[in-house]
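Using the working numbering, the first residue of the sequence shown is number 420, and each one after it goes up by one.
Glycine included, each C-beta is placed from N, C-alpha and C at the ideal position.
Written below as structure tokens is the structure these notes are about.
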Amino acid sequence: MDKNSKIWVFVILSILYYSSCVYSIKIPSQYERLDLVVVSGYVGESFDFTEARKYNLFPKVKDFVEARLYKIEPGYFELEVITKSAKYNAVYGEEQLPAILKDYIENYNEISKSDTNFKKRWNIMAFDDQRLPITINEVEKIAKDHIFYSNPCLMGTTGAFVGAMIGGCIAGAYYYTPSCYGPTREFNYSAVLIGAAIVGSIETLRSLTTGKAEDFREAIKAINNSRRLEKVKS
């Protein structure tokens with residue numbers, strides 16, 4: 420195996436390894452709006468520019484005009500955001516979202532000083548790009564469908580496979596031994612086994628120590644990505 424072949428094998432296996440860690444979320448792609456959600460009488464049927472700034476919502480939306488929340492099916496909501504030049508939407512799978520927003524808006528003066536009790540009350544782990552909450556209930560629901568990092572057997576096996584290939588690529592899959600008939604080409608099992616043992620052990624240990632936390636981090640990332648605003652086609 421020449422040097423270029425080793426590099427390509429390593430690259431391909433690394434891509435396969437990390438792609439297996441990707442957390443994805445299934446959200447409704449086709450749906451009908453059922454009801455407009457009035458989160459609070461403080462804001463009415465929509466968040467306008469002044470209200471969005473007052474409550475520190477939608478901070479990354481350029482030329483924000485207003486935002487509305489619609490119920491689309493049990494446990495899911497559509498967020499519609501209108502700017503000066505386009506309309507965007509995103510689907511949310513947090514069934515408590517209206518209640519959390521109502522609490523946030525109606526107790527904003529207290530929460531803006533310290534949101535510790537607010538986060539604890541609703542089990543909030545993070546906020547997305549629109550500054551809307553991501554709760555532990557949603558995170559656990561996504562994480563339990565994957566459980567990659569917190570599964571020692573899966574992590575150890577995957578790490579051993581990658582380590583074996585890395586060991587083979589670095590040391591060379593084959594080596595030559597002298598003989599009376601000239602050099603003999605033999606498979607380098609030692610390098611493969613050492614690589615498998617080292618990386619497999621590291622990944623198993625990582626799973627046992629930080630696996631659940633990493634599962635949660637990946638789930639939060641996936642939720643945030645699934646909530647990114649998509650431009651509505653005219």
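Nearest to residue i (by Cα), restricted to the options the options
i: Ile561; options: Asp467, Val500, Arg636 and Phe468; result: Arg636
i: Lys473; options: Ile555, Ile501, Tyr527 and Lys445; result: Tyr527
i: Lys445; options: Arg646, Lys650 and Val651; result: Arg646
i: Ile519; options: Thr576, Lys506 and Val457; result: Val457
i: Lys521; options: Leu453, Val510 and Ser459; result: Ser459
i: Arg550; options: Ser504, Asn475 and Lys539; result: Asn475
Residue i in three-state terms, based on DSSP
i: Ile561; result: helix
i: Tyr595; result: With a pLDDT of only 44 at Tyr595, under the threshold of 50, the placement of this residue in the model should not be trusted, and no figure is reported.
i: Ile543; result: strand
i: Ile613; result: helix
i: Ile621; result: helix
i: Lys650; result: strand
i: Tyr600; result: Note that Tyr600 scores a pLDDT of 46, beneath 50, so its modelled location is shaky and nothing firm can be said.
Any chain D beta carbon closer than 8 Å to residue i
i: Ile519; result: The structure shown contains no chain D, having only a single protein chain.
Same chain only: Cβ atoms within 7 Å of residue i, ignoring 5 sequence neighbours per side
i: Asn556; result: Asn542
i: Lys503; result: Asp482 and Val484
i: Tyr450; result: Ile491 and Glu492
i: Ala509; result: Leu498, Arg646, Arg647, Leu648 and Glu649
Cβ shell of residue i (< 6 Å), same chain only, five flanking positions each side left out
i: Asp548; result: Lys479
Beta-carbon proximity list for residue i, same chain, < 8 Å, skipping 5 on both sides
i: Arg540; result: Asp522
Discussion item. Quick check: the region 492-512 against the region 532-540, are at least 3 beta-carbon pairs closer than 8 Å?
Written reply: no
Discussion item. Quick check for students: name the residue ranges of the beta strand (DSSP E) that lie wholly in the region 452-523, counting only runs of 3 or more.
Written reply: 454-456, 483-492, 495-502 and 506-511
Worksheet item: Is the number of C-beta pairs between the region 462-481 and the region 536-546 that are closer than 8 Å three or more?
Response: No contact exists between the region 462-481 and the region 536-546.
Item to complete: Would you check if the region 509-524 and the region 611-621 touch, i.e. whether three or more CB-CB distances between them fall below 8 Å?
Response: no
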